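Just so it is clear: in the sequence shown, position 121 is 121 by UniProt numbering, and no numbers are missing.
All residues carry an ideal CB built from backbone N, CA and C; glycine is no exception.
Just so we're clear, the structure is a prediction, and the values are computed from it rather than from any experiment.
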Amino acid sequence: MDELTKVTHIDNVKLSEDKRSVVILDQTQLPNRTVYLTLGSAEDIYDAIFELKVRGAPAIGICAAYGIYCLAAAAKTDDFEKFYMQFKKDKEYLDSSRPTAVNLSWALNRMEGVVLANKEKPVSEIISLLKTEACEIQAEDIRMCRAISEYGLSLIKDGDGILTHCNAGPLATSRYGTALGPLFLGKERGMEFKVFADETRPLLQGARLTSYELAKGGLDVTLICDNMASLVMKNGWVQACFVGCDRIAANGDAANKIGTSGVAILAKYYGIPFYVLGPTSTIDMDCATGEDIRIELRDENEIKEKFYSEPMALKEVKCYNPAFDVTDHSLIAGIVTEYGICRAPFNESFQEIFRKKREN
Ligand code: MRU
Numbered sequence: 001m002d003e004l005t006k007v008t009h010i011d012n013v014k015l016s017e018d019k020r021s022v023v024i025l026d027q028t029q030l031p032n033r034t035v036y037l038t039l040g041s042a043e044d045i046y047d048a049i050f051e052l053k054v055r056g057a058p059a060i061g062i063c064a065a066y067g068i069y070c071l072a073a074a075a076k077t078d079d080f081e082k083f084y085m086q087f088k089k090d091k092e093y094l095d096s097s098r099p100t101a102v103n104l105s106w107a108l109n110r111m112e113g114v115v116l117a118n119k120e121k122p123v124s125e126i127i128s129l130l131k132t133e134a135c136e137i138q139a140e141d142i143r144m145c146r147a148i149s150e151y152g153l154s155l156i157k158d159g160d161g162i163l164t165h166c167n168a169g170p171l172a173t174s175r176y177g178t179a180l181g182p183l184f185l186g187k188e189r190g191m192e193f194k195v196f197a198d199e200t201r202p203l204l205q206g207a208r209l210t211s212y213e214l215a216k217g218g219l220d221v222t223l224i225c226d227n228m229a230s231l232v233m234k235n236g237w238v239q240a241c242f243v244g245c246d247r248i249a250a251n252g253d254a255a256n257k258i259g260t261s262g263v264a265i266l267a268k269y270y271g272i273p274f275y276v277l278g279p280t281s282t283i284d285m286d287c288a289t290g291e292d293i294r295i296e297l298r299d300e301n302e303i304k305e306k307f308y309s310e311p312m313a314l315k316e317v318k319c320y321n322p323a324f325d326v327t328d329h330s331l332i333a334g335i336v337t338e339y340g341i342c343r344a345p346f347n348e349s350f351q352e353i354f355r356k357k358r359e360n
């Protein structure tokens, strides 16, 4: 396997050989160490998601789907009511690990749907159907990323400069990624892009993960600090911005890693198209606007201490650490899904995309 294929096909979330645990690539150890973790208990899975050992909206959905299957498979009862009571408890617990990415509850709800649709069947059969569903969620993600990559690639041309924020590559999904997918696909086809990866404070997903993936795949990547984005845009080095998303409201407002909305505002100022790339499972029609999206607030030590050998601020200093922000739909040139590119007015464009999805 060549280096590019190794990166685009990286094994970040899978079932263990005995199909009883979830195996993840610990993203907090990258880029320095390749460490795989085996998650056997509900607490292991919750902690891995909460601590961002597995992260990226689609990847946490896949991890939770495999996780709830493994927990269900460990059930020691043949009684459906008892089985379902424990399933619900585990589902709610896993679902509470991170609030913003809709893919987590979306995947868990899909798994619950399998249990409820088959309640007349023996528990052992339900468990086997849960495994099939979790595998299908991952297989679908592979197909979705590939389709998003194709649509995304149609928006850019050979030689373009692309700026990205956070990490929406293979580590965050299953193969290729969303925002980085078109760049990997283009590279496969002999195209060259100049990618600017924002380091993405406070947890440095851009530095630790995006620049790692792109460099390993042989792409031309330049790592910049978040506050340098304006300058590289002003210099004329960026022809498009590509970012991922954690939840998109019905009007097109899109939640993604904190700092994304600032990139979008800069892009608007410099006349650069700003694209959000993500599967239709990230569109949450129950959220009318970005105001309805719950933003995760994280521990202040992520700003003051994490990743530094010495504290970077006095202990008593107050911090505000939201993990995501919402980019207003008016700043978004297009939302690239597996069924095509949605444009404003997004509400109407989403209806059309969901119609296409139902027909498929
Ligand atoms: O806090 P993280 O690292 O999970 O945030 C991830 C992002 O913001 C990604 O851009 C998003 O989940 C899309 S991943 C395809």
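Item, Value
"From the DSSP output, in three-state form, read off residue 322 for me.", "strand"
"Restricting to Cα atoms, I'd like to know which of 224, 261, 287 is closest to residue 195.", "224"
"Looking at residue 374 and the ligand MRU, is the gap between the Cβ and the nearest heavy atom below 6 angstroms?", "The chain is shown only over 1 to 360; residue 374 falls outside these bounds and no answer can be derived."
"Is DSSP giving residue 298 helix, strand or coil here?", "coil"
"In angstroms, rounded to a whole number, what distance separates the CA positions of residue 198 and residue 181?", "17 angstroms"
"So if DSSP puts residue 38 in a beta bridge, which residue, or which two residues, is it bridged to?", "23"
"Are there 16 or more other CB atoms within 10 angstroms of the CB of residue 307, so buried, or fewer, so exposed?", "exposed"
"Can you list, in chain order, the residues of its chain with a C-beta nearer than 7 angstroms to that of residue 73? Leave out the 5 residues immediately preceding and following it.", "20, 127"
"Any beta-carbon of chain D closer than 7 angstroms to the one on residue 281?", "The structure shown contains no chain D; it holds only a single protein chain."
"Would residue 293 and residue 255 be called neighbours here (beta carbons separated by less than 7 angstroms)?", "yes"
"Taking its Cβ as the centre, do 16 or more other Cβ atoms sit within 10 Å of residue 121, making it buried, or is it exposed?", "exposed"
"In whole angstroms, what separates the C-alpha of residue 410 from that of residue 145?", "Only positions 1 to 360 of the chain appear in this structure, which leaves residue 410 out of reach."
"Which value, in whole angstroms, describes the spacing of the CA atoms of residue 305 and residue 311?", "5 angstroms"
"Residue 171 and residue 360: beta carbons closer than 7 angstroms?", "no"
"CA-CA distance, residue 22 and residue 269?", "44 angstroms"
"Rounded to a whole number of angstroms, what is the C-alpha to C-alpha distance between residue 350 and residue 76?", "43 angstroms"
"The alpha helix (DSSP H) with residue 158 in it runs from where to where?", "Here residue 158 belongs to no alpha helix (DSSP H), and DSSP marks it neither H nor E."
"For residue 230, which of 220, 241, 116 has the nearest alpha-carbon?", "241"
"Taking the DSSP output, what are the residues bridged to residue 194?", "161, 220"
"Relative to the alpha-carbon of residue 94, which residue among 85, 63, 83, 113 has its alpha-carbon at the smallest distance?", "63"
"Inspect the beta-carbon positions of residue 210 and residue 167 and report whether they are closer than 7 angstroms.", "yes"
"Below 8 angstroms on the Cβ atoms is my guess for residue 140 versus residue 185; work out the distance and round it to an integer in Å.", "Residue 140 to residue 185, Cβ: 18 angstroms. No contact."
"State the Cα-Cα distance for the pair residue 333 and residue 96, rounded to the nearest angstrom.", "33 angstroms"
"Can residue 166 be considered in contact with the ligand MRU, in the sense that its beta carbon sits closer than 6 angstroms to one or more heavy atoms?", "yes"
"Apply the 10 Å Cβ neighbour rule to residue 236 and answer buried if 16 or more other Cβ atoms are within range, or exposed otherwise.", "exposed"
"Quick check on DSSP: helix, strand or coil for residue 363?", "Given that the chain is displayed from residue 1 to residue 360, the structure contains no residue 363 and the question cannot be resolved."
"Would you identify the three-state DSSP class for residue 342, choosing helix, strand or coil?", "strand"
"Taking only the alpha-carbon atoms, compute the straight-line gap between residue 337 and residue 106 and give it to the nearest angstrom.", "16 angstroms"
"My output table needs one value for residue 146: the three-state DSSP class, helix, strand or coil.", "helix"
"Less than 6 angstroms between the CB of residue 298 and some heavy atom of the ligand MRU, yes or no?", "no"
"Can you tell me whether residue 66 is helix, strand or coil according to DSSP?", "helix"
"Using only CA atoms, which one of 175, 55, 56, 71 lies nearest to residue 40?", "71"
"When the Cβ atoms of the stretch 271 to 291 are set against those of the stretch 148 to 165, are three or more pairs found closer than 8 angstroms?", "yes"
"Alpha carbon to alpha carbon, how far is residue 161 from residue 314?", "39 angstroms"
"Is residue 55 near the ligand MRU, in the sense that its beta carbon is under 6 angstroms from a heavy atom of that ligand?", "yes"
"Relative to the alpha-carbon of residue 164, which residue among 274, 356, 37 has its alpha-carbon at the smallest distance?", "274"
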